[in-house]
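Numbered per our numbering, the first sequence spans residues 2 to 170.
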Amino acid sequence: MQTWLMKSEPEVFSIEHLRKKGHAPWDGVRNYQARNFMRDMKAGDLVLFYHSSCQPPGVAGLARVTKESHPDPTAWDKKGDSFDPRSTREKPLWFMVEVTYLETFPHFVTLDEVKADGYLAGMRLTQKGSRLSVQPVGRKHFDRVVALGRDVRFTSENRHVLDNRGKTG
DNA sequence: GCCAACGTTGGC
DNA sequence: GCCAACGTTGGC
2 MQTWLMKSEP EVFSIEHLRK KGHAPWDGVR NYQARNFMRD MKAGDLVLFY HSSCQPPGVA
62 GLARVTKESH PDPTAWDKKG DSFDPRSTRE KPLWFMVEVT YLETFPHFVT LDEVKADGYL
122 AGMRLTQKGS RLSVQPVGRK HFDRVVALGR DVRFTSENRH VLDNRGKTG
């Protein structure tokens, strides 16, 4: 099983949208590298759902790949924003996968936290100029982000537990 | 809104 | 195949 990170602008499609729908086509990707990574995805692969172009950006939760790559029909929709006349039904150019909602982290793992975490050094996400909307994540990095996201000690309601440690004793 | 860092396009 | 112009991403 491989692990990945996929970016979405929450104003367009957030993890909350995915939660409500249950599953969704990850369509509209128009970058060759990202497309190639999606082609490598297998059903069952796990995905960090990343919110981009928002304040703050960061990893919001987890999803699972539930359908392997198949032609992206939005490339054929002349009226849509993702239309690409080079993609035909006979020779599709763009592909997509289906992702299914797994969980929203109790703690939203911000990009700043990812950058500051020693275990996460070298993640593609934080490398300069890296803009890929679909990218592989090493298993150790993946597990670390999940651990941060699930650690309720870091949630805003519980932050004082850590902040106040030692102040009274 | 700015702009750095890429990626893509198309003339030559 | 080179590269200038243009488009996009996405943090800031």
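All C-beta atoms in this analysis are idealised placements derived from N, C-alpha and C, irrespective of residue type, glycine included.
Keep in mind it's a predicted model, so treat the numbers as computed, not measured.
Terminal residues of the continuous alpha helix (DSSP H) containing residue i?
{"i": "GLN34", "result": "33-41"}
{"i": "ALA148", "result": "140-151"}
Could you work out which residue in the options is closest to residue i when comparing CA atoms only?
{"i": "ASP113", "options": "ARG154, CYS55, VAL138", "result": "CYS55"}
{"i": "GLN136", "options": "HIS142, LEU126, ARG145", "result": "LEU126"}
{"i": "ASP118", "options": "LYS92, VAL147, TYR102", "result": "VAL147"}
{"i": "MET2", "options": "TRP77, VAL138, GLY45", "result": "GLY45"}
{"i": "GLU91", "options": "GLY23, SER83, PRO72", "result": "PRO72"}
{"i": "SER9", "options": "GLY150, PRO107, GLY62", "result": "GLY62"}
{"i": "THR67", "options": "GLN34, MET42, LYS21, VAL115", "result": "MET42"}
{"i": "ALA122", "options": "LYS141, ASP78, PRO93, LYS79", "result": "LYS141"}
Going by beta-carbon coordinates alone, are residue i and residue j separated by less than 7 angstroms?
{"i": "LEU47", "j": "ARG65", "result": "yes"}
{"i": "VAL110", "j": "GLY150", "result": "yes"}
Consult DSSP for residue i and reduce its assignment to one of helix, strand or coil.
{"i": "LEU63", "result": "strand"}
{"i": "TRP77", "result": "helix"}
{"i": "LYS68", "result": "strand"}
{"i": "PHE109", "result": "strand"}
{"i": "PRO11", "result": "coil"}
{"i": "PHE155", "result": "helix"}
Since residue i is in the beta strand (DSSP E), which residue starts that stretch and which ends it?
{"i": "LEU47", "result": "47-52"}
{"i": "PHE26", "result": "Note that residue 26 is Pro in the sequence shown, not Phe. Element bounds for PRO26: 24-26."}
Exercise for the section: Write down every uninterrupted run of the alpha helix (DSSP H) in the region 83-132 whose length is 4 residues or greater and which is fully enclosed by it, in chain order. Expected result: 112-117
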